Amino acid sequence: MAHMNEAEVMKTCGEQGIRQMVAAFYEKIWDDPLIGPMYPEDDRAGSEERLAEFLLFRLGASTRYLETRGNPRLRMRHVTFKIGIAERDRWLELMTCAMVETGIPAAAREFLDPFFAQVADFMRNQGDG
Ligand code: HEM
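Oh and the sequence shown: position 105 is 104 in numbering that gives the first Met the number 0, straight run, nothing missing.
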């Protein structure tokens, strides 16, 4: 199905699919020499939970993120990390690997790929490409 919306992405992937994708992504984050060190070592489950809940919120499947973290204001929450082109590209590379590994369907990728690319570029606070 071309041009899926949020509800169709959720129907296709399921909450479990999104959680598995995020878990696979973080498995790569912890070992990554460039962006891994930015993430808190002592709260890995928390980091995973925050990204999973944000995505479920963004995909219209849950309001738990809002209830526990409030308005996402993601750019503000990333200003303390140095995010340039290399960091942005690494994040996207690891997420792409995670989506492939966990079998996110191609039709859902058509929604998720540009979404991740846009948000990741918006997080950039170094360099102007
Ligand atoms: C561009 C490269 C990016 C880097 C280097 C980066 C790095 C980080 C780091 C170090 C954290 C703190 C970890 C934690 O919560 O424990 C974080 C949090 C978070 N990131 Fe990113 N991030 C990037 C892009 C993105 C993108 C593209 C998204 C969403 C599509 C995203 C969503 C989040 C969310 C939801 C949180 C938790 C916010 C909160 O509630 O505190 N990040 N990120």
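All C-beta atoms in this analysis are idealised placements derived from N, C-alpha and C, irrespective of residue type, glycine included. Treat the numbers as computed from the prediction; the structure is a model and nothing was measured.
Return the residue from the list the options that minimises the CA-CA distance to residue i.
i, options, result
"A107", "K81, L58 and S46", "L58"
"D42", "G83, M94, L33 and W29", "W29"
Mapping the DSSP letters down to three states, classify residue i as helix, strand or coil.
i, result
"H77", "helix"
"D30", "helix"
"Q125", "coil"
"I84", "helix"
"I103", "coil"
"M3", "coil"
"G59", "coil"
Between residue i and the ligand HEM, is there a pair consisting of the residue's CB and a ligand heavy atom that are separated by less than 7 Å?
i, result
"R108", "no"
"D41", "no"
"A119", "yes"
"Y25", "no"
If contacts are defined as beta-carbon pairs under 8 Å, then residue i and residue j qualify, I think. What distance do you get, rounded to the angstrom?
i, j, result
"L54", "R89", "Not really, about 19 Å apart at Cβ, beyond 8 Å."
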